[in-house]
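FYI, the numbering for the sequence shown is 473 to 681, going by the working numbering.
Even glycine gets a Cβ: it sits at the ideal position worked out from N, Cα and C.
Because the structure is a prediction, the values reported are computed rather than measured.
Take a look at the structure below.
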Amino acid sequence: MTKKQRAAEAVRLLKEAYPDAICSLDYVKPHELLISVRLAAQCTDARVNMVTPALFEKYPTLEALAAATPEEIGEMIKSCGLYKTKARDICAMSKMLIEQFDGVVPDDMDKLLSLPGVGRKTANLILGDVYGQPAVVCDTHCIRITNLLGLTTTKDPTKCEKELRACLPMEEANDFCHRLVLHGRAVCVARRPDCANCVMAPVCKSAKA
Ligand code: SF4
473 MTKKQRAAEA VRLLKEAYPD AICSLDYVKP HELLISVRLA AQCTDARVNM VTPALFEKYP
533 TLEALAAATP EEIGEMIKSC GLYKTKARDI CAMSKMLIEQ FDGVVPDDMD KLLSLPGVGR
593 KTANLILGDV YGQPAVVCDT HCIRITNLLG LTTTKDPTKC EKELRACLPM EEANDFCHRL
653 VLHGRAVCVA RRPDCANCVM APVCKSAKA
């Protein structure tokens, strides 16, 4: 089997196991996803989902977020960690979206990357989830599991994304990344992968009998 064939089979097997490929961060508006992903850095999605309802209720629009001070935002997101930096980014990002992008989250990688606190992982998530564009979200689960599968050879997120773009069927890539998160929590858990119960074992280079 070529790498592309194994990648396609991994995509198929995971799709069967997890038909619903949904983002584990709760959001309604595009900018809310942007902010939730920023909050999720070195924090769990579950924790972020506990914090954002009150945040988005108090600041329901980009204008409201942009008018708030980092200190005010920081008070509401403290439990997510790194709150001072995150609050600063959220305020600056909201202002920039209004001033430079007419209040619309852009559908372009370079424009997204120009926003404070936005890296390729976040930009890919926005492009894939909000705009339905081909995207590869290289988070910790994606990098770890695709390395184990033998589809990637690096822990570097940018290089990993490039390797995956070369072998994944791109129309499935975004959903595949969401499913890898689910699989990384349920079966291919870090340091104790349950290979005996893994649907991708037939195509995994690291599968233990
Ligand atoms: S076979 Fe094992 S190492 Fe490979 S993806 Fe499944 S759980 Fe992870």
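Closest Cβ-Cβ distance between G604 and chain C: below 8 Å? The structure shown contains no chain C, having only a single protein chain.
Any chance the CB of M672 is under 7 Å from a heavy atom of ligand 1? yes
A662: which of T618, V520, E643 sits nearest, CA to CA? T618
Going by Cα to Cα distance, which pick from A518, C515, M565, M548 is closest to E535? M565
Are V590 and P502 close, meaning C-beta to C-beta below 8 Å? no
Excluding five sequence neighbours on each side, which residues of the same chain lie with their C-beta closer than 8 Å to the C-beta of K593? V509, V609, C610, D611, P629
Quick one: is the Cβ of V576 within less than 7 Å of any heavy atom of ligand 1? no
Tell me where the alpha helix (DSSP H) around G589 begins and ends. Counting along the chain, G589 falls outside any alpha helix (DSSP H), and DSSP gives it neither H nor E.
When the Cα atoms are used, what is the spatial distance from K602 to C667? First, the amino acid is wrong: residue 602 is Val here, not Lys. Approximately 33 Å between the Cα atoms of the pair.
Using 7 Å as the cut-off, classify the Cβ of V520 as near or not near the heavy atoms of ligand 1, replying yes or no. no
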